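Taking it in order: structure first as structure tokens, then the write-up.
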Amino acid sequence: MNRRPRFGAFRIMRRIDQYLGPPICLLLGALKFLVDRSRPRAGGAGEIRKLLVIKFWGLGSIVLSTPALRALKKKYPRASITFLTFEQNAGACRMIRAIDRVRPYRARGPLSFLASFAGLFLFLRRERFDAVVDLEAFSNFTSILTALSGAPVTVGFHTPKFWRQRFYWQRVAFDHSQHIADIFLKAARALGADADGNQLDALD
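Here numbering that gives the first Met the number 0 is used: position 87 in the sequence shown is 86, and no number is missing along the way.
Have a look at this one:
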């Protein structure tokens, strides 16, 4: 019988979000500000061939993101969409048609977490994504990953956590009165995607 690790990925990431996330975001934000001052401002999204979508928490929320994923695939049919999520969600994500590749985040303990983070950092830098869409509204960790990706085009949510804002080229309002599927669709529209409704895709 397999025992659940004492320090699982969820617990570790929540602690990082709570205690280390804000200062790391502030530091990376300051560095990004200095770097951006010496670079010309991008005029638009341009051609997107490699797109990363990040969603860790909640398998149900991932299913609710399928209309947004479908809209992105329709807008950029030649783009390869990579979905970054927890290892526990990877199987279901592979059944979503709009996703071309799933990058699972494996972390079953402190050492595993560090090793996985190092591997993920190298993955993000090696892949050179053209765009990143962060579907987590309140996670500092995903903001850090967005920043470390180096993608020229990034989309995320505008929330009270001001230290996250600098990492997003386009910030989308997170309106609690809206259905989460519609909120995710707003993130897709930030990249020029046209939604064909918020009907969920079946996992097959």
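Where is the CB? At the ideal position from N, CA and C, for every residue including glycine. No experiment lies behind these values; they were computed from the predicted model shown.
Going by DSSP, what residue range makes up the beta strand (DSSP E) through residue i?
i      : result
Ala172 : 169-172
Leu68  : Premise fails: Leu68 lies in the alpha helix (DSSP H), 65-74, not in any beta strand (DSSP E).
Val84  : Contrary to the premise, residue 84 reads as Thr rather than Val in this sequence. It spans 79-85 - the beta strand (DSSP E) in which Thr84 sits, taken as one unbroken run.
Asp133 : 130-133
Ile53  : 49-53
CB-CB under 8 Å to residue i, same chain, minus the five flanking residues each way: which ones, in chain order?
i      : result
Ala97  : Thr65, Leu68, Arg69, Leu71, Lys72, Ile80, Asp200
Arg258 : The structure shown does not extend to residue 258, since the chain is modelled only from 0 to 203, so the question has no answer here.
Leu93  : Correcting the residue type first, residue 93 is Arg in the shown sequence and not Leu. Excluding residues within five positions, the ones whose Cβ falls inside 8 Å are Val101.
Which same chain residues, not among the five before or five after residue i, have their C-beta less than 7 Å away from its C-beta?
i      : result
Ile283 : There is simply no residue 283 to check, as the chain begins at 0 and stops at 203 in what is shown.
Leu58  : Asn88, Ala91
Leu27  : Ile143, Ala146
Ile95  : Thr65, Leu68, Asp200, Leu202
Pro39  : In this prediction, Pro39 has a pLDDT of 44, which is less than 50 and means its spatial position is unreliable; what the coordinates show is noted afterwards. None.
Taking the beta carbon of residue i as the centre, do at least 16 other beta carbons fall within 10 Å, making it buried, or is it exposed?
i      : result
Ala267 : As shown, the chain starts at 0 and ends at 203. That puts residue 267 outside it, with no answer to give.
Leu83  : buried
Asp174 : exposed
Gln198 : exposed
Tyr75  : buried
Asp193 : exposed
Arg163 : buried
Glu46  : exposed
Asp16  : buried
Leu19  : exposed
Leu110 : exposed
Asp129 : buried
Ser176 : exposed
Asn1   : Because Asn1 sits at a pLDDT of 43, beneath the cut-off of 50, its placement in the model cannot be relied upon, and the following sentence gives the value as read from the coordinates. The residue in question, Asn1, is exposed, as its Cβ has fewer than 16 Cβ neighbours within 10 Å.
What residue does the alpha helix (DSSP H) around residue i start on, and which one ends it?
i      : result
Ala91  : 89-92
Arg188 : 179-188
Leu147 : 139-148
Tell me which same chain residues have a C-beta within less than 6 Å of the C-beta of residue i, skipping the five on either side of it?
i      : result
Val132 : Val52, Val154, Ala186
Pro103 : Glu86, Ala89
Lys49  : Ser79, Phe128, Asp129
Per DSSP, what are the beta-bridge partners of residue i in this structure?
i      : result
Phe156 : Val171
Tyr104 : Phe85
Any 3 or more C-beta pairs closer than 8 Å across the region 168-188 and the region 111-120: no
Three or more C-beta pairs under 8 Å: does that hold for the region 145-159 against the region 64-76? Short answer: they don't touch.
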